[in-house]
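To start, the structure itself, in structure tokens.
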Amino acid sequence: MELKLDAAVMIILVITCITGYRRGFLRCLVGIVSVAVAVAVALWGSARLAEPVYDRYLRDDVKHVVERSISDFDMKSIVMQKLEEQGFGGVLTENEVDNAITEGGDYLDNIGMLLGAKGANEQQIQLAQQSLDSYFDTELPESINEELEKQGMSEILNRVEIPKEELKECVSRIINQSSADAADYITQKTIKPVLVGIVRSAVFIACLIGASIVINIIVAIAGLRKPDHELSAADHFAGLVLGAIKGLLICAMFAWLLSTFCTLTDNSLKLFNSGVSDKTYLFRYFFDYFYR
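Its first residue numbered -13, the sequence shown is counted upward by one per residue in my numbering.
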């Protein structure tokens, strides 16, 4: 990937310089204006269409993947297991644990109060609460990411980082509402922003290609690409300079697109991330200008 990006920069600059020299100043200027208009149309289109495309083609599938990963979630069993690991097996009954989870408030505080009432000291209570809290740091996120990997999303998503507080809210929704509601919450809060960023980048490219084709057809029909006189040496040189500028602008545009791609996806993708750019020799100067 690193060599391909550097090679792309070289190829773009060589091609735009050659075509600029051959076409001359006016035709090259028309080309630059055409690219600018196409980029503006693509930006507008991607901003408008990214979320509707995600909602239409991806939202339900992703939600079902997350729902499968939490479908077997049983908070009461998890609490009982963690308490047993800390030496509190049999100290609290299932009914007591169930009430502590469902009665509202922070379930960790509720469990701690129950353990205190059963004779546990402060240190034992803290250890038990830490053990329960660790579930949200590692085990539940791992379960969700494993399910995403099973569905083939690991080729795109490196790892979805889900904040602990959002996981706790997810658990609360599982307990008080349903796993479908919890899956929808996690999807909207953590996975949707990443995937919408990917969709937006793809829509931008599609809109850019489509707009470029339409604009080129209009320019050709208008006859703006046909020189009305033989090009002079000054025209060739000015075209060469504009061609170099056009090439730099194209490289900058794609660097901006990829930097936006990294920002929108929290730099969490295997496909492309800032680490890939750091290994390039030429492309990094364009990318770092926008990303840092």
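Every residue gets a Cβ at the ideal spot worked out from N, C-alpha and C, and that includes glycine.
For residue i, which of helix, strand or coil comes out of DSSP?
{"i": "Pro149", "result": "coil"}
{"i": "Ala219", "result": "helix"}
{"i": "Ser117", "result": "helix"}
{"i": "Gly162", "result": "Just to set this straight, residue 162 is Asn in the shown sequence, not Gly. Helix at Asn162."}
{"i": "Tyr288", "result": "Since the first residue shown for the chain is -13 and the last is 278, residue 288 is missing from the structure and cannot be characterised."}
{"i": "Leu78", "result": "coil"}
{"i": "Asn202", "result": "helix"}
{"i": "Asn85", "result": "helix"}
{"i": "Gly209", "result": "coil"}
{"i": "Ser57", "result": "coil"}
{"i": "Asn259", "result": "coil"}
{"i": "Asn131", "result": "helix"}
What is the residue span of the alpha helix (DSSP H) that residue i lies within?
{"i": "Leu69", "result": "61 to 71"}
{"i": "Ala106", "result": "Ala106 -> no alpha helix (DSSP H), and no H or E assigned at all."}
{"i": "Ser32", "result": "-12 to 43"}
{"i": "Lys92", "result": "Going by the sequence as given, residue 92 is Asp instead of Lys. Careful: Asp92 lies outside any alpha helix (DSSP H) and carries neither H nor E."}
Using 8 Å as the threshold, is the C-beta distance between residue i and residue j below it?
{"i": "Tyr271", "j": "Asp(-8)", "result": "no"}
{"i": "Ala36", "j": "Phe74", "result": "no"}
{"i": "Ala230", "j": "Leu(-1)", "result": "yes"}
{"i": "Ala197", "j": "Ala(-6)", "result": "no"}
{"i": "Val262", "j": "Glu70", "result": "no"}
{"i": "Leu94", "j": "Val77", "result": "no"}
{"i": "Ile177", "j": "Cys156", "result": "no"}
{"i": "Ala28", "j": "Cys193", "result": "yes"}
{"i": "Val227", "j": "Ser20", "result": "no"}
{"i": "Met99", "j": "Val83", "result": "no"}
{"i": "Gly10", "j": "Leu217", "result": "yes"}
{"i": "Ile199", "j": "Tyr121", "result": "no"}
Buried or exposed for residue i, going by 16 or more other Cβ atoms inside 10 Å?
{"i": "Ala2", "result": "Checking the sequence, you will find Thr at residue 2 rather than Ala. Classification of Thr2: buried, given that the 10 Å Cβ count is 16 or more."}
{"i": "Glu53", "result": "buried"}
{"i": "Met(-4)", "result": "exposed"}
{"i": "Pro127", "result": "buried"}
{"i": "Ser187", "result": "buried"}
{"i": "Asp221", "result": "buried"}
{"i": "Asn131", "result": "buried"}
{"i": "Ala224", "result": "buried"}
{"i": "Ser164", "result": "exposed"}
Excluding the five sequence neighbours on either side, which residues of its own chain have a C-beta within less than 8 Å of the C-beta of residue i, listed in chain order?
{"i": "Ile161", "result": "Met61, Ile87, Thr88"}
{"i": "Asp264", "result": "Arg270"}
Excluding sequence positions up to five away, which residues of its chain have a Cβ less than 6 Å from the Cβ of residue i?
{"i": "Gly233", "result": "Ile(-2), Leu(-1), Thr2"}
{"i": "Val185", "result": "Ala36, Val39, Tyr40"}
{"i": "Arg159", "result": "Asp167, Ala168, Tyr171"}
{"i": "Ser117", "result": "Lys68, Gln72"}
{"i": "Phe190", "result": "Ala28, Ser32"}
{"i": "Ser129", "result": "Ser55"}
For residue i, collect the residues of the same chain with a Cβ closer than 7 Å to its Cβ; drop the 5 residues on either side in sequence, then sort them by chain order.
{"i": "Asp49", "result": "Here residue 49 turns out to be Lys, not Asp, going by the sequence shown. Within the same chain, Lys49 has close Cβ partners Ala169, Asp170, Thr173."}
{"i": "Thr5", "result": "Gly229"}
{"i": "Ile201", "result": "Ser20, Val23, Ala24"}
{"i": "Phe276", "result": "Ala241, Trp242, Ser245"}
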